[in-house]
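Chains as they are written, first to last, in the numbering used here: chain A, 1 to 392; chain B, 1 to 320.
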């Protein structure tokens, strides 16, 4: 078991193409850290550098206290589960799992014990004599996990291990991997492009985009307190609604004016917003913070606006309502309303915005306007780099 | 969907079942014939008929002109002569030496070079890849002529180079010395054909997913173990194919030997192909030559069938 540290890590494929920009992360022993981001954000490269499959251009990566920049993958004491599972097609399941131990000259009896024990815990004990091609996707995935487990490595690396599974299996496998992490207590580092996987499995999540670490936080904090516009838009499904707005002062009160509607500034951030009077901001509202007037939670500070109903999707436990305005200056937005909400296609409806949960971003820097918790330096720098149009 | 779409006609509503059946069968046969006849006629004209004729000639003492008569009918005489001829024994032995050396030296060399230039980060590997493949593009006659200059006893490149490297080295008539000639020819065959095998190996390498080798590296394998436990086993089908082609090539070797040494000196580089040409065709013993050809044909045919059946097939069972 070991901690993992990225210290000012850069990865360049050529002088012009930088795919990882000054990555700094400290991962404690036993953590379940998830790298999440859109494709091409550098999350897999970060993992592959840690695995030793990709060279580190600049900076240091440590496993425990040891700098591993020049250590061969085989000597890093890590195990990895690949997206393709990468099972050896010419070996049986047993040999696939035993391969790493055989190479380490583990006594045969211990290999046998460990392989059988792991296979049992993964429910693949009856498949040990088969070859990978005779297995289903879900079984292959578990063999790949088994191959990693038997080695008892210091760090587990998982590179999109669930993306080749169908939706139902994926949910099962998610819970399975979480339980595995709890049982083993080893450091897990998990790469995914799926923010649901990240939120459900990680003890901490590192959001990457365009080679920059955008924010690293616990799932709940990341969801409730996104530090910049990218994180706010990436985490959460359906995604957060954004409105271009201006801060205006009227009779001593601060108003967020989107031209389509006006809402009072959230009182807890009023003092910060004073500096933005007359400036552009971006208002972010999560779909679940927009309610139908008849089904709004009690004791919230709210503002009611009026909008036209475009589409209604009844999900059973909720209605996802696509709303828009008469003028086309703002695009349509989503609300997750109570399933009993009385809305009609093409009709007008009131929409109650929970002011306490709205997010405001500086339109110039795309950093959140918030004091507690204050946005991280990572988020500010990443947003700035993103804005300045040189993500690479 | 309406229910009628799935209605099945009862059998007895087809009064002409038998005749329809006949028509269909004829149509089918006609189609089969239409597609088979062109291919089969080529097969017949250029393969089956010549082979049958050769087999027939092999039973006669025939000079290549005149009719086959009962007077020059020899029965298995040609085969017996062949069996007893020590030059033929030498030719067979040389063929097998070349075959063995090809498998032990030429193929591993091709594999090694494929691993080196077929992928990885060796600078200029594209250039080397092309360079190494060039010998295969030359015709065999040109190759043989070039190498005659290289092996020239007085001012050939081979002697010149050895003289420069090894002090006191005395020139060797590479193609004129019984001890050296076969190995000198083998060097040429290697130079000429390794590029072809290298190309096959490179194709085989490309079909191995990179993930597998990376997984092995993380599992604890060094580069040698990755090669031994993952890369080579997954190259199995390609390796079996090159072994097959290499063995067949050895049986069929003719042009280079014929141009460079004509089997000499004193039959020291005689192989089955040159033996056939020399004793069968040049000396107008077409009956005898046919017997050699028949032996050669059946050897390669039986080998091919056995190899396909037992070696190449085993691989299909292991394959992904």
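C-beta atoms are modelled at their ideal positions from N, C-alpha and C, and glycine is treated no differently.
Anyone know if the C-beta pair for residue 25 of chain A and residue 222 of chain A falls short of 8 Å?
The residue given as residue 25 of chain A occupies position 25 in the first chain. The residue given as residue 222 of chain A occupies position 222 in the first chain. Not closer than 8 Å, so no.
Item to check | Integer-rounded CB distance, given that residue 378 of chain A should sit under 8 Å from residue 215 of chain A | outcome: Taking the first residue of the first chain as position 1, residue 215 of chain A is located at position 215. Taking the first residue of the first chain as position 1, residue 378 of chain A is located at position 378. Indeed they touch by this definition, with Cβ atoms about 6 Å apart.
Open item on the list: Between residue 360 of chain A and chain B, is the shortest Cβ-Cβ distance under 8 Å, so that the two count as touching?
Closed with: Locating residue 360 of chain A in the first chain gives position 360, counting from the first residue. No, no contact with chain B.
Within the stretch 274-338 of chain A, note down every full beta strand (DSSP E) run reaching 3 residues or more, in order along the chain.
Within the stretch 274-338 of chain A, the complete beta strand (DSSP E) runs of at least 3 residues are 280-285, 302-314, 319-324 and 333-337.
Next on the checklist: Considering only the alpha carbon of each residue, which of A:285, A:177, A:260 and A:367 lies closest to residue 81 of chain A?
Outcome noted: In the first chain, residue 81 of chain A corresponds to position 81, counting from 1. Taking only the C-alpha atoms, the option nearest residue 81 of chain A is A:177.
Among B:79, B:31, B:36 and B:210, whose alpha-carbon lies nearest the alpha-carbon of residue 287 of chain B? Position 287 of the second chain, counting from 1, holds the residue named residue 287 of chain B. Each of B:79, B:31, B:36 and B:210 was checked against the Cα of residue 287 of chain B, and the nearest Cα belongs to B:79.
Would you check if the stretch 108-128 of chain B and the stretch 188-204 of chain B touch, i.e. whether three or more CB-CB distances between them fall below 8 Å?
Proximity of the stretch 188-204 of chain B to the stretch 108-128 of chain B meets the contact definition, three or more beta-carbon pairs being nearer than 8 Å.
Q. Residues of chain B with CB under 9 Å from residue 44 of chain A, in chain order?
A. If you number the first chain from 1, residue 44 of chain A lands on position 44. Here the premise fails: no neighbours, minimum Cβ distance about 12 Å.
Residue 23 of chain B at chain A interface by Cβ criterion, 8 Å = Reading the second chain from its first residue, position 23 is the one you call residue 23 of chain B. Judged by the 8 Å Cβ criterion, residue 23 of chain B is not in contact with chain A.
Look at the alpha carbon of residue 250 of chain A and the alpha carbon of residue 226 of chain A, and state the distance between them as a whole number of angstroms. Position 250 of the first chain, counted from the first residue, corresponds to residue 250 of chain A. Position 226 of the first chain, counted from the first residue, corresponds to residue 226 of chain A. Cα to Cα, residue 250 of chain A sits roughly 29 Å from residue 226 of chain A.
Are the beta-carbon atoms belonging to residue 271 of chain B and residue 58 of chain B less than 8 Å from one another?
-> Within the second chain, numbered from 1, the residue matching residue 271 of chain B stands at position 271. Within the second chain, numbered from 1, the residue matching residue 58 of chain B stands at position 58. Against a cut-off of 8 Å, the Cβ pair of residue 58 of chain B and residue 271 of chain B comes out as no contact.
Using CA atoms only, rank isn't needed, just tell me which of A:49, A:343, A:338 and A:218 is closest to residue 70 of chain A.
For the purposes of this step, residue 70 of chain A is taken as the residue at position 70 of the first chain. That would be A:49, whose Cα lies nearest to the Cα of residue 70 of chain A.
Residue 121 of chain B at chain A interface by Cβ criterion, 8 Å | One-based indexing of the second chain puts residue 121 of chain B at position 121. No, residue 121 of chain B lies away from the interface with chain A (no Cβ there is under 8 Å from its Cβ).
Anticipated Cβ contact below 8 Å, residue 321 of chain A with residue 312 of chain A, distance rounded:
In the first chain, residue 321 of chain A corresponds to position 321, counting from 1. In the first chain, residue 312 of chain A corresponds to position 312, counting from 1. Confirmed, about 6 Å.
Which of helix, strand or coil does DSSP assign to residue 260 of chain B?
-> Position 260 of the second chain, counted from the start, is the residue given in the question as residue 260 of chain B. DSSP places residue 260 of chain B in helix when its eight states are reduced to three.
Candidates A:241, A:277, A:240 and A:238, of which the one nearest residue 257 of chain A by Cα: One-based indexing of the first chain puts residue 257 of chain A at position 257. Here the closest residue by C-alpha is A:277.
- Output, in chain order, the set of chain D residues within a Cβ distance shorter than 7 Å of residue 212 of chain B. Of the chains in the structure shown, none is chain D; the protein chains are A and B.
**Prompt:** Going along the chain, which unbroken runs of the alpha helix (DSSP H) with 4 or more residues stay wholly within the stretch 93-147 of chain B?
**Reply:** 107-117 and 125-137
inquiry  = If the cut-off is 7 Å on Cβ atoms, which residues from the stretch 279-302 of chain B count as contacting chain A, listed in chain order?
reply    = none
Which same chain residues end up closer than 6 Å to residue 349 of chain A when comparing Cβ atoms and leaving out the 5 residues on each side of it in sequence? Numbered from 1 along the first chain, position 349 holds the residue referred to as residue 349 of chain A. The residues are 309 and 343.
**OP:** Would you decide whether residue 336 of chain A is buried or exposed? Buried here means 16 or more other CB atoms lie within 10 Å of its CB.
**Re:** Counting from one through the first chain, the residue named residue 336 of chain A turns up at place 336. Residue 336 of chain A is buried by the Cβ-count criterion.
Review point. Apart from the five residues on each side of it in sequence, which residues of its chain come closer than 8 Å, Cβ to Cβ, to residue 160 of chain A?
Key: As a first step, residue 160 of chain A must be located in the first chain, where it is residue number 160. So the list reads 44, 83, 191, 192 and 193, once near-sequence residues are dropped.
What are the start and end residues of the beta strand (DSSP E) that includes residue 19 of chain A?
In the first chain, the residue the question calls residue 19 of chain A occupies position 19. 18-27 is the span of the beta strand (DSSP E), which, as asked, contains residue 19 of chain A.
Close Cβ partners of residue 54 of chain A (< 8 Å) along its chain, the five nearest in sequence each way excluded | What you label residue 54 of chain A is simply residue 54 of the first chain in a count that begins at 1. Same-chain partners within the cutoff: 11, 45 and 48.
- prompt: For residue 330 of chain A versus residue 260 of chain A, is the C-beta distance shorter than 8 Å?
  reply: As a position in the first chain, residue 330 of chain A is number 330, starting the count at 1. As a position in the first chain, residue 260 of chain A is number 260, starting the count at 1. A contact, by the Cβ cut-off of 8 Å.
**Message:** Taking the straight line between their C-alpha atoms, what separation do you get for residue 177 of chain B and residue 90 of chain B?
**Reply:** In the second chain, counting from the first residue as 1, residue 177 of chain B sits at position 177. In the second chain, counting from the first residue as 1, residue 90 of chain B sits at position 90. Cα-Cα distance, rounded: 16 Å.
*Cα-Cα separation, residue 79 of chain A to residue 67 of chain A*: Within the first chain, residue 79 of chain A is the residue found at index 79, counting from 1. Within the first chain, residue 67 of chain A is the residue found at index 67, counting from 1. Taking the straight line joining both Cα atoms gives about 18 Å.
Next item on the list: Give the range of the alpha helix (DSSP H) segment to which residue 56 of chain B is assigned.
Entry: Working through the second chain from its first residue, we reach residue 56 of chain B at position 56. Element bounds for residue 56 of chain B: 49-57.
Q: Would you kindly work out how many angstroms separate the C-alpha atoms of residue 304 of chain B and residue 99 of chain B, rounded to a whole number?
A: Position 304 of the second chain, counted from the first residue, corresponds to residue 304 of chain B. Position 99 of the second chain, counted from the first residue, corresponds to residue 99 of chain B. Rounded to whole angstroms, residue 304 of chain B to residue 99 of chain B spans 15 Å at the Cα level.
ask   = When DSSP builds the beta bridges, which residues end up paired with residue 81 of chain A?
value = Counting from one through the first chain, the residue named residue 81 of chain A turns up at place 81. DSSP lists A:158 as partners of residue 81 of chain A.
Does the distance from the CB of residue 155 of chain A to the CB of residue 186 of chain A come in under 8 Å?
By one-based count along the first chain, residue 155 of chain A stands at place 155. By one-based count along the first chain, residue 186 of chain A stands at place 186. Closer than 8 Å, so yes.
Whole alpha helix (DSSP H) runs in the stretch 201-258 of chain A with 4 or more residues, listed along the chain?
-> 219-224 and 229-234
Query raised in the report: Just curious, the beta strand (DSSP E) that residue 354 of chain A is in, first and last residue?
Result: Working through the first chain from its first residue, we reach residue 354 of chain A at position 354. Start and end: 348-354.
Give the DSSP-derived three-state secondary structure of residue 32 of chain A in the structure shown. Position 32 of the first chain, counting from 1, holds the residue named residue 32 of chain A. Strand at residue 32 of chain A.
* To do: Measuring alpha carbon to alpha carbon, tell me which of A:2, A:233 and A:36 ends up nearest residue 28 of chain A.
  => Your numbering for residue 28 of chain A matches position 28 in the first chain. Comparing Cα positions, the closest option is A:2.
The stretch 239-256 of chain B in contact with the stretch 84-104 of chain A per 3-pair CB rule at 8 Å: no
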